[in-house]
Amino acid sequence: MQSPRPDPVLPIELIDIILGHCDEGNALLYPCSLVDHSWWILCARHLHEGRRQIRLHSRLQDSDSLYTYLPLYPLRSIRNITAYLQPGHGENYADPFALERHITSSLHCIKQLNWKNVEALAIVMDFKGALFFHRHYISILQTSFPNIIRLDLQLRTETFNTLFLFICSVTQLEVLVLSCESLHDDHDTEPLWDLLLPLPLHTLHLNIVVFHGISSDNLCGWLRGQSPMNNLRSLSVMNCDGSTGPDEKVPTYIQLNNALTSLYLSFPADHIDPLTYLGDEDASEYVYNLSSLKSLESLSIHIPDSEVSASAPLPQLSVILMRLISTLKSITSTRLHKLNLISGENNLFPTTEWNSLDEALSSEPFLFVEKEIFVPIVDRDAADIGLVMQHAKQLFPRCRGQQRLSVTHLDRYGFSGVNLLEQSPL
Numbered sequence: 004m005q006s007p008r009p010d011p012v013l014p015i016e017l018i019d020i021i022l023g024h025c026d027e028g029n030a031l032l033y034p035c036s037l038v039d040h041s042w043w044i045l046c047a048r049h050l051h052e053g054r055r056q057i058r059l060h061s062r063l064q065d066s067d068s069l070y071t072y073l074p075l076y077p078l079r080s081i082r083n084i085t086a087y088l089q090p091g092h093g094e095n096y097a098d099p100f101a102l103e104r105h106i107t108s109s110l111h112c113i114k115q116l117n118w119k120n121v122e123a124l125a126i127v128m129d130f131k132g133a134l135f136f137h138r139h140y141i142s143i144l145q146t147s148f149p150n151i152i153r154l155d156l157q158l159r160t161e162t163f164n165t166l167f168l169f170i171c172s173v174t175q176l177e178v179l180v181l182s183c184e185s186l187h188d189d190h191d192t193e194p195l196w197d198l199l200l201p202l203p204l205h206t207l208h209l210n211i212v213v214f215h216g217i218s219s220d221n222l223c224g225w226l227r228g229q230s231p232m233n234n235l236r237s238l239s240v241m242n243c244d245g246s247t248g249p250d251e252k253v254p255t256y257i258q259l260n261n262a263l264t265s266l267y268l269s270f271p272a273d274h275i276d277p278l279t280y281l282g283d284e285d286a287s288e289y290v291y292n293l294s295s296l297k298s299l300e301s302l303s304i305h306i307p308d309s310e311v312s313a314s315a316p317l318p319q320l321s322v323i324l325m326r327l328i329s330t331l332k333s334i335t336s337t338r339l340h341k342l343n344l345i346s347g348e349n350n351l352f353p354t355t356e357w358n359s360l361d362e363a364l365s366s367e368p369f370l371f372v373e374k375e376i377f378v379p380i381v382d383r384d385a386a387d388i389g390l391v392m393q394h395a396k397q398l399f400p401r402c403r404g405q406q407r408l409s410v411t412h413l414d415r416y417g418f419s420g421v422n423l424l425e426q427s428p429l
């Protein structure tokens, strides 16, 4: 069947105006552009001119033709680019040859255009292999995006040297969001201790789930050599707890700069042993000491729902709340004015520990601190959401009485690996 052509009766100028009023998200315009060459010519300018974000998918069968004509159109407004490397239909995420094909496709798209105005680059890697092991990919990224100030990396497996060699090469970087499922040491290669994180870096989000070899010690030792990072003001640490206790790397992260003004910590319940004993004599081992953060203005704590038992809380909740209370008691900053608590709805049921937290937050150090409870809920009607909000409020009667408490519905999934209070480009 022959592809439908743009209506020849309508003047081309009128068609251009109509296409220019398509939705901002390109949900209608993008499919039209894929019909054939003539439709692409009409749609291409509106797809990208005046838009600040563009997404590059390596798995598109027609990626070559898709970007052939982009150089014909001005792209001065593009500031954010997200590059996806994802297996296509029938491809194995562990196949190194498939990864190489997708890297080649992605680089072809990138090299077609001049990205000098791009300020934010995000890379989503769904293959098992290490992306930054491919040096030619690093080289093209460095030359194609010379002015990026924000870097979002969502990776599966990487090695210490190759990953941070690229990150540290972006010398003007101000915001780094790093999520890596598995970080390995480089075989037969010493860690590059002389690498320096970019001096302008003021915001850092870290979610490194599993370390292999001695990469955990390497990372901590290397980070200690970076401190103080004088410009760092905002820090997010996801997946703070391990199966045997608190993540020993978190204190290293926190000590990167005592002048931090914003701190976000995520405590997934599934990572904690519910039988952990927290008596007074050993509770200090499970507390993140924030006493050195004299300039702290905002503290955010995320307690996700269990991914193992999604319909009910696990016993770990009481352990997390007890740790949280002890951590709050370590705060010495007189500048703290905002405390955010993000909790999955299954955790919101009356317990002794919630009552103790309410008591702590309504005490002298936090009297004038604004407290906001965020509850992530997606695809639910307003009545259900309202009921959950009421449950959350009822856990904090003292704070409610002080008129310092608000409860907010967060319309996004409560993943533990991201900062839920920040809008992500991914």
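The opening position of the sequence shown corresponds to residue 4 in this note's numbering, with each subsequent residue numbered one higher.
In this text, a Cβ means the ideal position worked out from N, Cα and C, and glycines have one as well.
Treat the numbers as computed from the prediction; the structure is a model and nothing was measured.
- Evaluate H208 with the Cβ neighbour count: other Cβ atoms within 10 Å of its Cβ, from every protein chain shown; 16 or more gives buried, anything less gives exposed. Position 205 of the sequence shown, counted from the start, is the residue given in the question as residue 208. So H208 ends up on the buried side.
- Message: Which complete beta strand (DSSP E) runs does the stretch 98-141 hold, if anything under 3 residues is left out?
- Response: Correct list: 123-128.
- Message: If you reduce the DSSP assignment to three classes, tell me which class T255 lands in.
- Response: Working through the sequence shown from its first residue, we reach residue 255 at position 252. Helix at T255.
- Item | Three-state class that DSSP yields for K297 in the structure shown | By one-based count along the sequence shown, residue 297 stands at place 294. In this structure, K297 counts as coil in the three-state DSSP scheme.
- Message: Going by DSSP in three states, R82 sits in which element: helix, strand or coil?
- Response: Within the sequence shown, the letter at position 79 stands for residue 82. Coil at R82, not helix or strand.
- Kindly indicate which three-state DSSP category P149 falls into: helix, strand or coil? Against the sequence shown, residue 149 aligns to sequence position 146. DSSP places P149 in coil when its eight states are reduced to three.
- Message: Determine whether the beta carbon atoms of L156 and I126 lie at a separation below 8 Å.
- Response: The sequence position of residue 156 within the sequence shown is 153, counting from 1. The sequence position of residue 126 within the sequence shown is 123, counting from 1. Yes, the Cβ-Cβ distance between L156 and I126 is below 8 Å.
- Message: Ignoring anything shorter than 3 residues, give me the beta strand (DSSP E) runs that lie fully in the stretch 299-381, in order along the chain.
- Response: 301-306, 341-346, 373-379
- Query: So, is I106 buried or exposed, given that buried needs 16 or more other C-beta atoms within 10 angstroms?
  - Reply: On the sequence shown, position 103 is the one that residue 106 refers to. Per the 10 Å Cβ criterion, buried.
- Item | Closest Cα partner of V378 within the set N292, M241, L293, D414 | Position 375 of the sequence shown, counting from 1, holds the residue named residue 378. Answer by Cα proximity: D414.
- Measure from the alpha carbon of L154 to the alpha carbon of each residue in W196, G132, L200, C112, then state which is nearest. By one-based count along the sequence shown, residue 154 stands at place 151. Checked all of W196, G132, L200, C112; the closest Cα to L154 is L200.
- Query: For S219, which of helix, strand or coil comes out of DSSP?
  - Reply: The count along the sequence shown starts at 1 and reaches residue 219 at position 216. Of the three classes helix, strand and coil, the one that applies to S219 here is helix, per DSSP.
- Query: Just the Cα atoms here: how many angstroms apart are V213 and S185?
  - Reply: The count along the sequence shown starts at 1 and reaches residue 213 at position 210. The count along the sequence shown starts at 1 and reaches residue 185 at position 182. Spanning the two alpha carbons is a distance of roughly 5 Å.
- With distances taken between CB atoms, is the gap from D241 to N210 smaller than 8 Å? The residue labelled residue 241 in the question sits at position 238 within the sequence shown. The residue labelled residue 210 in the question sits at position 207 within the sequence shown. It is worth fixing the name first, because residue 241 is Met in this sequence and not Asp. Yes, the Cβ-Cβ distance between M241 and N210 is below 8 Å.
- Task: In angstroms with no decimal places, state the Cα-to-Cα distance between K297 and C35.
- Result: Walking along the sequence shown from the start, residue 297 turns up at place 294. Walking along the sequence shown from the start, residue 35 turns up at place 32. K297 and C35: Cα-Cα distance of roughly 55 Å.
- Query: What three-state label does DSSP hand S41 in the structure shown?
  - Reply: Numbered from 1 along the sequence shown, position 38 holds the residue referred to as residue 41. S41: helix per DSSP, three-state reduction.
- Task: Leaving aside the five residues before and after N422 along the sequence, list all residues of the same chain whose C-beta is less than 7 Å from its C-beta, in chain order.
- Result: Position 419 of the sequence shown holds residue 422. Same-chain partners within the cutoff: H208, S239, Y267.
- Task: Note down, one range per segment and in chain order, each alpha helix (DSSP H) of at least 4 residues found wholly within the stretch 152-183.
- Result: 163-172
- Tell me whether Y434 is buried or exposed, calling it buried when 16 or more other Cβ atoms sit within 10 Å of its Cβ. Beyond the ends of the chain as shown, which are 4 and 429, falls residue 434; an answer cannot be given.
- Task: Starting from the C-beta of V337, find all residues in its chain whose C-beta is less than 6 Å away, skip the five residues before and the five after it, and write them out in chain order.
- Result: Position 334 of the sequence shown, counting from 1, holds the residue named residue 337. Note on identity: in this sequence residue 337 is Thr, with Val being the wrong assignment. Taken in chain order, the list of residues that qualify is empty.
- Task: Hey, could you find the ends of the beta strand (DSSP E) V240 is sitting in?
- Result: Within the sequence shown, the letter at position 237 stands for residue 240. 237-240 is the span of the beta strand (DSSP E), which, as asked, contains V240.
- Query: Got a sec: does the ligand ATP put a non-hydrogen atom nearer than 7 Å to the Cβ of H215?
  - Reply: In terms of ligand content, the structure shown is empty, and the ligand ATP therefore cannot be addressed.
- Task: My understanding is that I152 touches V180, with C-beta atoms under 8 Å, so please give their C-beta distance in whole angstroms.
- Result: Taking the sequence shown and counting its residues from 1, one reaches residue 152 at position 149. Taking the sequence shown and counting its residues from 1, one reaches residue 180 at position 177. Approximately 12 Å separates the beta-carbon atoms of I152 and V180; this is outside 8 Å, ruling out the contact.
- For the beta strand (DSSP E) containing L266, list its first residue and its last residue. Along the sequence shown, read from residue 1 onward, the residue named residue 266 stands at position 263. Element bounds for L266: 265-269.
- Item | For L351 and A395, believed in contact at Cβ under 8 Å, the rounded distance | Here the question's residue 395 lines up with position 392 in the sequence shown. Here the question's residue 351 lines up with position 348 in the sequence shown. So it is a contact: roughly 5 Å between Cβ atoms.
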